[in-house]
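Step one of this worksheet: look at the structure below.
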Amino acid sequence: IKSEDGKTYGIFCDYGGYMHLFDPMTGEDYDKISLQGNIESSPSVFNDIAVVGSYAQKIFGVRIK
6 IKSEDGKTYG IFCDYGGYMH LFDPMTGEDY DKISLQGNIE SSPSVFNDIA VVGSYAQKIF
66 GVRIK
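Sequential numbering of the sequence shown, starting at 6, is according to the working numbering.
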């Protein structure tokens, strides 16, 4: 993900139900959010929203700030 100011971010979801926003150069998390369930799919990003589906058949849209 590239921000308006040119900074690059990575995003991934894990089996524990968390979505992570991280620095791709260092691997450090900037932030993470619990989506309350197993996530087995890859997130997609459009503009400032990350979308991912969960194993519990829910779709989450998370605004990236």
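Glycine included, each C-beta is placed from N, C-alpha and C at the ideal position. Quick caveat: nothing in here was measured; it's all calculated off a predicted structure.
Beta-carbon proximity of residue i to residue j, cut-off 8 Å
| i | j | result |
| --- | --- | --- |
| residue 29 | residue 11 | no |
| residue 26 | residue 35 | yes |
| residue 44 | residue 59 | yes |
| residue 6 | residue 24 | no |
Residues near residue i by beta carbon distance below 8 Å, same chain, minus five either side
| i | result |
| --- | --- |
| residue 47 | 17, 18, 57 |
| residue 22 | 39, 40, 41, 42, 43, 44, 59 |
Unbroken beta strand (DSSP E) run spanning residue i, endpoints
| i | result |
| --- | --- |
| residue 37 | 34-39 |
| residue 15 | 15-18 |
| residue 23 | 23-27 |
Inter-residue Cα distance where the pair is residue i and residue j
| i | j | result |
| --- | --- | --- |
| residue 31 | residue 64 | 29 Å |
| residue 66 | residue 33 | 23 Å |
| residue 13 | residue 40 | 23 Å |
Proximal residues to residue i (C-beta, below 6 Å), its chain only, five neighbours per side dropped
| i | result |
| --- | --- |
| residue 61 | 42 |
7 Å Cβ shell around residue i - same chain, five flanking residues per side excluded
| i | result |
| --- | --- |
| residue 53 | 68, 69 |
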